[in-house]
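The listed protein sequences derive, respectively, from chains V, S, Z and E. Read in numbering that gives the first Met the number 0, the first sequence has 109 at position 110, and its numbers run on one by one without any break. Read in numbering that gives the first Met the number 0, the second sequence has 92 at position 93, and its numbers run on one by one without any break. Read in numbering that gives the first Met the number 0, the third sequence has 60 at position 61, and its numbers run on one by one without any break. Read in numbering that gives the first Met the number 0, the fourth sequence has 260 at position 261, and its numbers run on one by one without any break. Even for Gly, the Cβ is constructed at its ideal location relative to N, Cα and C. Taking it in order: structure first as structure tokens, then the write-up.
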Amino acid sequence: MNSEPRPEMAAENLIVTNPALQTDTMFVNMGPQHPSTHGVLRLGLTLSGEVITKAVPDIGYLHRGTEKLMETRTYNQCVVLTDRWDYCSAMPNNLAFCLAAEKLIGAKVPPRAEALRVVMCELNRIASHLIFLGTYGIDIGAFTPFLYAFREREMILDLYEMLCGARLTYNYIRLGGVAADIDAGWIAKCREFLEFIKPRLDEYDTLLSFNPIFLVRTKAIGLISKDSAVAWGLSGPNLRGSGVNYDVRKAEPYCGYEQYDFEVPLGRTGSCWDRYFCRVQEMRQSVRIISAALAKLPSGELLAKGIAKIPKPPPGEAYAHVEASRGDLGIYLVSDGGTAPYRLHVRAPCFVNLAVLQEILVGKKVADVIAVLGSLDIVLGEVDR
Amino acid sequence: MPLTKEDVIARLLARLPKAEAASVPVRDYPTVRLGAPEDLPAAARLLKGELGFEYLEMVTAVDWLGPVRQEGFVSSRNPHPFLAQAPAPPVTPVAGPGISYHPILDMLWSFGNLRENLKVFLRLAVPRDRPEVPTLTGLFPAADWQEREAFDLLGIRFTGHPNLIKILTPDFLTGHPLRKDYVHQKDPYDE
Amino acid sequence: MISYFKAVFLGTWALVQGLAITLRYLFKPAVTVQYPTEKLLPYDAFRGALIFDPATCIACGLCAKACPSACIALENQVHPETKKRVPKVEWYTLDLGKCNYCGLCQEACPTKPKSVWHSLDYEIAFSSRDEMVRCWKAGFPLGGRTWDAKKKAFKDPKSHISVRELPARKR
Amino acid sequence: MTQRAGKLLTATRYWPTELWANPWSLPRYRAAAAWLGGIVAGIALIGAGVGELAAWGDRLLALLGRLGLSAVVVAWLWLLVKLGCVLGVIVANGLWAVWWERKISAHMQSRLGPMYAGAFHGWAQTIFDTIKLLLKEDVTPAAADQVMHALAPVVAIAPCVMAFAPILFGSELAAAKLDVGVLYIFACAGISVIGIVMAGWASGNKYSLLGGLRAAAQMVSYELPRGFSVVPVLMFAGSLDLAVIDRAQAGYWLGFFPRWFVFYPVVGQLAFLFFLIASVAETNRTPFDIPEAESELVAGFHTEFSGMKWSLFFLTEYGYVLLSSFLLAAFFLGGGSAPLPFLDFIPSWIWMTGKAMLMMFVFLWFRWTFPRLRVDQLMDFNWKFLLPWSFANIGLAGAFVWRGLG
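This is the structure in structure tokens:
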């Protein structure tokens with residue numbers, strides 16, 4: 000099986016354009032109820048044979064208007080709503096909102112809380128990337144890695160349940176700190192998990208990453224060039240898969256990320272496989288960060304002093320962004336001095352990442368739609384908010 | 000020689016005579032207030048071309064009309080034994096002290112320079128009744144959906160946008176939900 | 000030519016390695032729980048269905064204020080003679096259909112032990128809207144009762160809140 | 000305030016780190032191992048007690064002959080008996096294969112699979128599923144071509160049943176003795192694709208249409224390497240008759256090493272692999288399941304089928320899996336001969352079925368390990384790799400035969 004890209008067989012050249020052939024295009028409606036659109040995404044595909052000539056993503060089926068809802072909630076209550084954006088990795092959502100609100104309030108987060116935030120966000124990154132890995136396997140047709148990934152993710156969810164009582168919508172990171180402390184038992188369990196996941200990641204590499212069938216399905220598919228990735232505003236592994244070295248954790252370190260030694264995995268060509276493998280490598284880096292953070296966990300308070308139960312930040316505007324599992328999650332927060340945010344805007348990474356789909360799908364095959372869409376790793380809860 | 004925040008503001012102000020440094024900046028970031036919508040393409044070209052801000056991060060706006068109105072909120076339809084009306088939304092926003100509301104939409108763009116790790120915010124006040132702003136889709140493809148979102152939720156018309164249609168809210172919904180005077184109208188899915 | 004055979008061989012070898020992994024797991028014990036016959040007990044911190052104890056409640060209303068989705072409603076008892084409010088709850092309702100399971104009410108509750116807290120019950124399900132509203136009044140059982148909107152009467156919830164919440168009552 | 004039924008697992012969270020540390024300490028693990036060993040030994044012993052099924056068939060035929068009926072009636076009766084047996088095998092295989100697939104896939108994925116129906120490891124699950132399918136409403140979409148839609152599953156399954164006629168279920172145990180058995184099987188199996196294309200076209204669904212067309216292209220293409228990869232076997236055996244091929248593999252080299260075709264150096268293994276791959280592609284199973292690729296085409300050509308029509312397609316698929324498994328066993332794995340001389344006491348039909356089941360396991364194993372190829376890659380693989388190399392393999396086999404090694 001050769002995985003070399005062959006320009007003469009490139010899908011772009013297969014679109015029938017000769018009018019003498021009397022061919023007709025076919026409109027295929029993919030979603031919102033389709034097994035592989037990862038939620039309620041609808042794609043309007045115009046096909047010429049099996050080759051796509053036009054793709055129109057249609058979103059909004061899951062729009063819940065959280066930005067509006069937050070205008071009538073106190074800052075503490077807003078944290079609860081942030082959980083619902085990217086429900087596969089809710090910790091960074093909590094964190095981004097809290098960072099923005101803390102900027103407005105001017106709170107100083109204690110070091111132990113910062114370290115715990117890092118641990119939880121990185122655990123969440125592993126959990127989220129495991130979901131990606133599993134579902135991407137299904138998209139490509141391999142069912143088994145999905146259940147392996149969920150088996151490992153289950154352990155992370157158990158850790159979260161032990162910690163804060165919830166498995167998906169944590170409401171753990173609060174204004175000025177975190178809600179619960181970890182004890183020796185938790186740390187032991189977490190180390191057990193970290194030791195367990197390392198060989199599993201190698202198994203995924205065998206089952207998926209370096210499986211020749213997987214390689215021919217994802218290498219040289221869905222290419223996004225460096226310039227194109229930046230111009231479309233991609234972020235997270237999608238941007239780094241194209242070789243752009245931009246990670247908020249390195250660019251604007253928050254929560255003391257500058258203390259931890261980790262690498263930012265980069266792809267080379269911006270293909271589906273590069274984006275996929277960036278995530279796999281990020282899991283390895285996350286394991287590293289968590290181990291380091293647990294090793295030198297500072298002691299002390301969990302919550303900053305002097306934050307009111309119902310905070311009223313002084314009027315002003317703040318922008319905070321974090322490297323969420325799916326990219327650069329930015330929160331723009333405006334306070335008018337009241338108890339509720341006057342205006343909150345989410346720069347949702349999935350929403351921005353998804354927009355590139357309409358460009359890169361053209362000329363691909365139907366089977367590649369799934370490969371490309373899956374590699375962008377969207378969560379419709381965050382796309383639609 | 001690395002670019003600094005001050006450089007960026009200075010270069011922008013030098014090119015755009017009507018612009019000024021924003022009086023209320025986005026905390027910790029350089030913020031420039033544009034004088035007129037016509038300045039925007041020039042500013043964007045300057046940012047993208049000469050200053051290397053190739054990354055359009057955010058397009059949004061703030062409606063400074065005043066605290067949100069709560070009429071029309073959908074309350075729970077679960078039958079309640081003791082109350083005729085289910086409990087209302089928990090917090091009624093009140094006007095903060097010392098802040099003046101005025102009927103404008105305050106646009107906000109955020110550009111990033113990934114090489115220098117810099118970010119710059121552009122602001123622009125547009126009137127609520129005729130919010131027209133030139134589009135940036137030609138320069139930044141990322142503006143496509145973000146502008147559509149701002150159009151859908153805040154009703155800003157981006158002149159020159161190739162496909163300015165609703166993106167998040169359903170087709171039957173009229174009005175722009177993130178405007179402060181938006182009142183929920185009954186729709187078939189309320190029940 | 001050599002590279003061609005090498006590619007074929009390495010590809011086949013990678014596939015065989017994948018097969019070896021799945022074969023290995025074939026002989027490992029399953030990690031799943033046979034749900035209806037086996038049930039996991041959640042950790043003590045677990046935020047399951049909300050539960051309320053009228054005996055310890057002082058009707059301060061902090062929980063209702065803390066709730067982000069307005070799912071809590073309550074009314075103070077009024078002293079029959081003086082007509083003054085006493086720190087006792089007359090009725091208390093939890094709309095589990097609106098509950099976010101965020102734990103803010105439990106954190107806001109000032110009594111010790113908590114008067115409203117997340118039990119360990121993860122098996123709540125409703126078949127109609129009125130079942131979602133759990134009501135507590137004097138004389139109601141710990142699990143509360145639900146309001147039958149058609150018959151205008153209280154009834155016991157079809158899905159009982161299990162007694163498992165008792166050891167995990169939050170302090 | 001009642002605690003709902005169910006055993007509460009308080010002590011341990013089910014973490015794989017705990018469970019896999021020492022699996023033999025788990026009672027259910029030991030019990031499962033004992034059951035497995037017991038079942039295998041039991042089947043072998045029962046088989047040894049029953050003896051050759053072909054002999055029982057001869058006895059039954061002799062019994063029919065002694066009833067005093069005319070020869071024509073006996074022939075027809077005998078035909079009906081054989082037809083019933085083959086149909087029974089196909090239906091029973093549908094039940095068994097689905098259950099087996101679910102169990103195998105579950106255990107490969109660290110799950111248990113069906114556990115409730117029938118008490119013991121959910122053995123009755125597929126029977127209840129069949130009842131459900133029988134009772135299900137038969138929906139024909141409004142946009143469908145009614146006649147074609149109803150006809151498609153029949154056109155798909157009929158050739159499958161026909162193809163089973165010369166299949167060897169043990170040495171000399173076949174419904175029909177055909178000198179051109181191999182050709183006949185391939186010819187019949189090729190017809191099913193018409194049913195699948197009909198299904199895809201008649202459904203009036205774009206996904207189904209794409210699935211049907213993909214199926215047509217794929218099955219027609221993979222017929223070729225499938226046919227060519229058995230040519231070395233036919234050359235070695237010198238016949239198209241499955242019974243002859245079976246007999247040609249009996250006996251042992253050096254008294255212990257079975258003379259199976261798969262053990263012929265290089266040529267045997269290559270032919271086996273090519274035939275296996277082409278068979279997987281013919282039966283539309285992962286990694287070649289693009290006609291029904293559920294993540295792209297929802298369910299491909301059977302998206303719009305429900306109830307019994309759908310299960311006929313399913314029966315066809317599993318029927319072909321069984322057919323391919325038996326063919327693999329007969330062509331390459333020595334048919335009914337025992338792998339070691341001292342195991343001869345177990346009759347040939349047990350060996351044959353066992354080897355077929357092993358091959359079926361390989362099918363399942365592939366399915367639950369590999370991702371799926373894309374349409375054009377699948378075609379590339381066939382025309383640019385499989386087909387040329389199966390030709391080369393024929394040449395290699397020719398060299399073997401020429402040197403008198405066959």
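*Are the Cβ atoms of residue 173/E and residue 311/E separated by less than 8 Å?*
In the fourth sequence, the residue the question calls residue 173/E occupies position 174. In the fourth sequence, the residue the question calls residue 311/E occupies position 312. Not a contact, by the Cβ cut-off of 8 Å.
*asked:* Which of the three DSSP states is assigned to residue 381/E in this structure?
replied: The residue labelled residue 381/E in the question sits at position 382 within the fourth sequence. Correct three-state label for residue 381/E: helix.
*Based on the DSSP secondary-structure assignment, which residues constitute the bridge partners of residue 105/S?*
Your numbering for residue 105/S matches position 106 in the second sequence. The partner list for residue 105/S (beta bridge, DSSP) reads 61/S and 124/S.
*Hey, residue 96/Z and residue 117/Z are a contact pair by Cβ (cut 8 Å); roughly how many whole angstroms apart?*
One-based indexing of the third sequence puts residue 96/Z at position 97. One-based indexing of the third sequence puts residue 117/Z at position 118. That belief does not hold up - the Cβ atoms of residue 96/Z and residue 117/Z are roughly 16 Å apart, past 8 Å.
*State the start and end residues of the unbroken beta strand (DSSP E) segment that holds residue 384/V.*
Here residue 384/V is taken as the residue at index 385 of the first sequence, counted from 1. Counting along the chain, residue 384/V falls outside any beta strand (DSSP E), and DSSP gives it neither H nor E.
_Could you tell me the alpha carbon to alpha carbon distance between residue 337/V and residue 93/S, rounded to whole angstroms?_
Reading the first sequence from its first residue, position 338 is the one you call residue 337/V. Reading the second sequence from its first residue, position 94 is the one you call residue 93/S. Looking at the two C-alpha atoms, the distance is approximately 6 Å.
*residue 383/V to residue 43/V span [Cα, whole Å]*: Residue numbering aside, residue 383/V sits at position 384 when the first sequence is read from its first letter. Residue numbering aside, residue 43/V sits at position 44 when the first sequence is read from its first letter. Each residue's alpha carbon lies about 18 Å from the other.
*What separation, rounded to the nearest whole angstrom, lies between the Cα atoms of residue 149/V and residue 237/V?*
In the first sequence, counting from the first residue as 1, residue 149/V sits at position 150. In the first sequence, counting from the first residue as 1, residue 237/V sits at position 238. Going by the C-alpha atoms only, they are around 22 Å apart.
_Bounding residues of the beta strand (DSSP E) (the contiguous stretch that carries residue 154/Z)_ = Here residue 154/Z corresponds to residue number 155 of the third sequence, with the count starting at 1. Start and end: 152–154.
*Under a CB-based cut-off of 8 Å, is residue 339/V close to chain Z?*
The count along the first sequence starts at 1 and reaches residue 339/V at position 340. No, residue 339/V does not count as interfacial toward chain Z.
*chain S contacts from the region 59–84 of chain V (Cβ-Cβ distance under 9 Å)*: 59, 60, 62, 64, 66, 67, 68, 70, 71, 72, 73 and 76
_What does the alpha-carbon distance come out to for the pair residue 373/E and residue 128/V?_
As a working mapping, residue 373/E is identified with position 374 in the fourth sequence. As a working mapping, residue 128/V is identified with position 129 in the first sequence. Distance between the alpha carbons of residue 373/E and residue 128/V: 24 Å.
*asked:* Closer than 8 Å between beta carbons: that is the criterion. Which residues of the region 123–134 of chain Z meet it against chain S?
replied: 128, 129, 131, 132 and 134
*For chain V, is any of its Cβ atoms less than 8 Å away from the one on residue 95/Z?*
As a first step, residue 95/Z must be located in the third sequence, where it is residue number 96. No, because no Cβ of chain V sits closer than 8 Å to the Cβ of residue 95/Z.
*asked:* For residue 136/S and residue 148/S, which I take to be in contact (beta-carbon distance under 8 Å), what is that distance rounded to the nearest angstrom?
replied: Counted from its first residue, the second sequence places residue 136/S at position 137. Counted from its first residue, the second sequence places residue 148/S at position 149. The Cβ separation is near 13 Å, so there is no contact.
*Can you have a look at residue 29/E and say buried or exposed, based on whether 16 or more other CB atoms are within 10 angstroms of its CB?*
Numbered from 1 along the fourth sequence, position 30 holds the residue referred to as residue 29/E. That one is exposed.
*Using 10 angstroms around the beta-carbon of residue 24/E, count the other beta-carbons present and answer buried if the total reaches 16, otherwise exposed.*
The residue labelled residue 24/E in the question sits at position 25 within the fourth sequence. Under this definition residue 24/E is an exposed residue.
_Closer than 9 Å at the beta carbon, the chain E residues around residue 24/Z_ = For this step, residue 24/Z is matched to residue 25 along the third sequence. Going along chain E in sequence order, the residues near residue 24/Z (Cβ under 9 Å) are 106, 107, 108 and 109.
*Under three-state DSSP, which class holds residue 166/E?*
Position 167 of the fourth sequence holds residue 166/E. Residue state, collapsed to three classes: coil.
*If contact means a Cβ-Cβ distance below 9 Å, which residues of the region 204–216 of chain V contact chain E?*
206, 207, 210, 212, 213, 215 and 216
*In chain B, which residues lie with their C-beta within 9 Å of the C-beta of residue 224/E?*
Among the protein chains of the structure shown, namely V, S, Z and E, there is no chain B.
*Name the residue from 221/E, 242/E, 170/E and 18/E whose alpha carbon lies nearest to the alpha carbon of residue 379/E.*
Here residue 379/E is taken as the residue at index 380 of the fourth sequence, counted from 1. The option with the nearest alpha carbon to residue 379/E is 221/E.
*Selection of the region 67–80 of chain Z by Cβ proximity to chain S, strictly under 8 Å*: 67, 68, 69, 70, 71, 72 and 74
*Can you give the Cα-Cα distance for residue 356/V and residue 57/V, rounded to whole angstroms?*
Numbered from its first residue, the first sequence carries residue 356/V at position 357. Numbered from its first residue, the first sequence carries residue 57/V at position 58. In a straight line, the C-alpha of residue 356/V is about 11 Å away from that of residue 57/V.
*Determine the direct distance from the alpha carbon of residue 71/Z to that of residue 138/V, and round the result to whole angstroms.*
Residue 138/V sits at position 139 when you count from the first residue of the first sequence. Residue 71/Z sits at position 72 when you count from the first residue of the third sequence. One C-alpha to the other measures close to 42 Å.
*asked:* Can you list, in chain order, the residues of its chain with a C-beta nearer than 6 Å to that of residue 104/E? Leave out the 5 residues immediately preceding and following it.
replied: To locate residue 104/E, count along the fourth sequence from 1; it is residue 105. Once the five neighbours on either side are set aside, the close Cβ partners of residue 104/E are 367.
_Those residues which DSSP pairs with residue 318/V across a bridge_ = The residue you call residue 318/V lines up with position 319 of the first sequence. In DSSP, residue 318/V forms a bridge with 331/V.
_Contacts around residue 142/S, its chain only, beta-carbon distance under 7 Å, and the 5 residues preceding and following it disregarded_ = Sequence index remark: in the second sequence, residue 142/S carries index 143 (1-based). Closer than 7 Å at Cβ, skipping near neighbours: 55, 58, 134, 135 and 136.
*Taking residue 400/E as part of the alpha helix (DSSP H), name the residues at either end of that continuous run.*
The residue given as residue 400/E occupies position 401 in the fourth sequence. First-last of the alpha helix (DSSP H) with residue 400/E: 386–401.
*Contact set between residue 143/V and chain Z, taken where Cβ atoms lie within less than 7 Å*: Here residue 143/V is taken as the residue at index 144 of the first sequence, counted from 1. Simply 21.
*Are there 16 or more other CB atoms within 10 angstroms of the CB of residue 175/Z, so buried, or fewer, so exposed?*
No information on residue 175/Z is available, as it lies outside the stretch 0 to 170 that chain Z covers here.
*Are the beta-carbon atoms of residue 114/V and residue 301/V separated by less than 8 Å?*
Looking up residue 114/V in the first sequence gives position 115. Looking up residue 301/V in the first sequence gives position 302. Contact: no.
*Can you name, in chain order, every residue of its own chain whose Cβ lies under 7 Å from the Cβ of residue 405/E, other than the five neighbours on each side?*
On the fourth sequence, residue 405/E is found 406 positions in, with the first residue counted as 1. Low local confidence applies: a pLDDT of 48 at residue 405/E is under 50, so the model's placement there is unreliable, and no value is given.
*asked:* Please identify the residue among 342/V, 352/V, 67/V and 330/V whose C-alpha is closest to the C-alpha of residue 94/V.
replied: As a first step, residue 94/V must be located in the first sequence, where it is residue number 95. Looking at the Cα atoms, 330/V is the closest of the given residues.
*Find out if the Cβ-Cβ distance for the pair residue 135/Z, residue 53/Z is shorter than 8 Å.*
One-based indexing of the third sequence puts residue 135/Z at position 136. One-based indexing of the third sequence puts residue 53/Z at position 54. Cβ distance < 8 Å, so residue 135/Z and residue 53/Z count as in contact.
_Assuming the contact rule is C-beta atoms closer than 8 Å, residue 128/Z and residue 78/S should be a hit. Round their C-beta distance to whole Å, please._
Walking along the third sequence from the start, residue 128/Z turns up at place 129. Walking along the second sequence from the start, residue 78/S turns up at place 79. So it is a contact: roughly 7 Å between Cβ atoms.
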